[in-house]
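This report refers to the structure that appears directly beneath it.
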Amino acid sequence: MVVRVRKANRYYAMKVCSDEFLRQSLQVSCTAADLCRREAAVLKCIRHPEIPGYIDCFRHKDLFCLVEDYIPGHTLATTMNNGCCYREEEVKKIILKLLLILNFLHTPTARKPAIIHRDLRLSNLIMEDERLFLIDFGLAYRIPNHHDMKLLSQCRTVRSAANASPSYVEKRNDFSLQSDLFGAGVVAIDLFTNSVVSDNTIPWEQKIPVSLPFKSYIRRLLGVESGFGSCLEAIEHLRSLV
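Here the sequence shown stands for residues 5 to 246, where the numbers follow the numbering used here.
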């Protein structure tokens, strides 16, 4: 659960979790303390204008709280649920902004390792004044980090529709850079259809009015056709389509 809190005339986003919540909602074997501290460690090494910054992490009774910068605006999920329809050119711009953020995360620096978000979805993307923000690093993976992999393997959960294919679940839970490219492809389709992709059938290709070059591009993000080797390659290809 994420709540907005105010202190000294400033708003913050506070993510609250407990062991009881995890048992009831996710049925995982890891603890709220482990998840909260690990996500805090991930956020501490990230400095990016489109990613909320780390503020604090603490325990209050049986609740574990992670405080971050508050990002105003609405998630793309809320925007879609309110009836917004995106045109192809708008979706291309959103995906380009997302890939630029992902390219930053995937590129290791002296300050941070390469980081895979692993949970790209409309509800984790906020649009405010033409700026796209990426939130929720609860499933993020630092490359290489055996502690991350061990803990996240205990939390293998995909918040998706019940009809998601095994391949969809596998790609979502993957610990490679291609997991985020696949997620970006899912976001692109959801901006048209707001539905979960199953690679057993391809209804999205039949339902949405998308040009053939962009359909092929999305298929490459999903790995259905020859996939992209990196975010940078995907960015360069998309720029040729905009």
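For glycine and all other residues, C-beta sits at the position ideal for the given N, C-alpha and C.
These numbers were taken from a predicted model, which means no experiment stands behind them.
- 8 Å or more divides the Cβ of Leu67 from the Cβ of Glu43.
- Per the coordinates, the alpha-carbon of Leu104 lies some 37 Å from the alpha-carbon of His64.
- For His121, there is no enclosing alpha helix (DSSP H), as DSSP marks it with neither H nor E.
- Three or more beta-carbon pairs drawn from the stretch 102–117 and the stretch 180–200 are found closer than 8 Å, and the two stretches are therefore classed as touching.
- Here Ile55 carries a coil assignment [DSSP, helix/strand/coil].
- Spanning the alpha carbons of Ser127 and Val7 requires a straight line of approximately 15 Å.
- Excluding sequence positions up to five before and after Gly189, its CB lies within less than 7 Å of the CB of Ile222, Leu225, Leu226, all in the same chain and listed in chain order.
- The C-beta separation of Leu138 from Ile55 comes to about 6 Å, placing the pair in contact by the 8 Å criterion.
- When Tyr90, Gly77, Glu237 are compared, the shortest CA-CA separation from Val191 is found for Tyr90.
- Per DSSP, the beta bridge partners of Ile147 are Ala118.
- Under the three-state reduction of DSSP output, Leu181 falls in the coil class, being neither helix nor strand.
- Between Gly57 and Phe218, the alpha-carbon positions lie close to 33 Å from each other.
- Where Leu245 is concerned, there is no enclosing beta strand (DSSP E), because DSSP gives it neither an H nor an E.
- As the crow flies, the alpha-carbon of Ser215 is around 38 Å from that of Asp73.
- Note on geometry: alpha-carbon atoms of Ser33 and Arg27 lie some 8 Å from one another.
- Here DSSP, grouped into helix, strand and coil, assigns Tyr74 to coil.
- Taking a contact as a CB-CB distance under 8 Å, the pair Gly77 and Glu132 counts as one, their CB atoms being some 3 Å apart.
- With respect to the 8 Å criterion, Ile50 and Lys116 are classified as neighbours on the basis of their beta carbons.
- Pairing Cys21 with Leu47 gives a Cβ-Cβ distance that is not under 8 Å.
- With a contact defined as Cβ atoms closer than 8 Å, Ile120 and Ile147 qualify at about 7 Å.
- Ranking Arg122, Ser29, Lys96, Gly231 by CA distance to the CA of Met153 puts Arg122 first.
- In this structure, the CA atom of Leu156 is about 7 Å from the CA atom of Leu143.
- The closest CA to that of Arg14, considering only Ile75, Tyr172, Leu245, Arg125, is found on Ile75.
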